[in-house]
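Chemist:
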Amino acid sequence: MSNFLKLPVFKEGKNEIFFKNKNLELQIKVKPFAKNNSKITYLKNSMIVEKINSEKVWGTDGYLPKNQYDFIKLKCNNKHYVLPNKAFENLYEPNLEFTKVYVDEKSDSVFIEATNGDGAGGYTFIMVIQSEVYKERLVLHPF
């Protein structure tokens with residue numbers, strides 16, 4: 422990512438972060454885990470969380486998450502875009518202070534990189550937004 426323009430942090434709070442330059446704004450907000458709105462599957466004969474809403478759980482080491490992404494919004498050329506929930510639906514325990522945003526003007530792409538998790542459940546993801554459209558994400562254990 423070193424060849425790309427790093428979008429600076431404009432404002433940061435406990436549950437949200439804003440990145441901004443003259444052409445682009447990106448806002449990420451975190452909320453408490455919505456346990457009551459989630460279908461939780463446990464490993465057989467245990468209290469270890471296997472899946473949430475039929476998806477692999479990123480960010481915990483078998484426990485229920487405390488926090489999850491609420492939304493990711495992009496403003497580009499005075500147009501507003503909200504990333505679909507599928508972009509971050511099973512990514513838990515966000516660490517906004519370890520989030521970076523990069524821009525590649527040649528390909529009209531924005532890359533969101535974050536290292537999240539509760540320690541042993543740590544993970545890193547990269548999301549790709551191209552021409553203001555969410556394209557894909559890559560999630561991996563960096564340790």
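422 is the number of the first residue of the sequence shown in the working numbering; add one for each residue after it. We put the beta carbon where it would ideally sit given N, CA and C, even for glycine.
1. Cα-Cα, which of E526, D525, I438 is closest to F492?
2. Is Y544 closer than 8 Å to G483 when the C-beta atoms are compared?
3. What beta strand (DSSP E) runs, 3 residues minimum, are completely inside the region 515 to 564?
4. Using DSSP with H/G/I as helix, E/B as strand and the rest coil, what is N442?
5. Does K465 come out as helix, strand or coil in the three-state DSSP assignment?
6. Given this structure, state the Cα-to-Cα distance separating K432 from K465, to the nearest angstrom.
7. DSSP three-state call for K427: helix, strand or coil?
8. Determine the direct distance from the alpha carbon of I449 to that of L504, and round the result to whole angstroms.
9. How close, in whole Å, do the beta carbons of V451 and N474 come, if the pair is a contact with beta carbons under 8 Å?
10. Judging by CA-CA distance, which residue of K556, S552, F532 is the nearest neighbour of N424?
11. Use the C-beta contact count for G540: other C-beta atoms within 10 angstroms, 16 or more gives buried, fewer gives exposed.
Modeler: Looking at the atomic coordinates:
1. The candidate whose alpha carbon is nearest that of F492 is I438.
2. Their beta carbons are not under 8 Å apart, which means G483 does not touch Y544 by this criterion.
3. Here the runs fully enclosed are 520 to 525, 530 to 537, 544 to 551, 554 to 561.
4. Judged by DSSP in its simplified three-state form, N442 adopts coil rather than helix or strand.
5. Three-state result, K465: coil.
6. The alpha-carbon atoms of K432 and K465 are separated by roughly 44 Å.
7. Residue state for K427 is assigned as strand, using DSSP reduced to three classes.
8. Each residue's alpha carbon lies about 10 Å from the other.
9. That belief does not hold up - the Cβ atoms of V451 and N474 are roughly 18 Å apart, past 8 Å.
10. Restricting attention to K556, S552, F532, the CA atom closest to the CA of N424 is found in F532.
11. Exposed: under 16 other Cβ atoms inside 10 Å.
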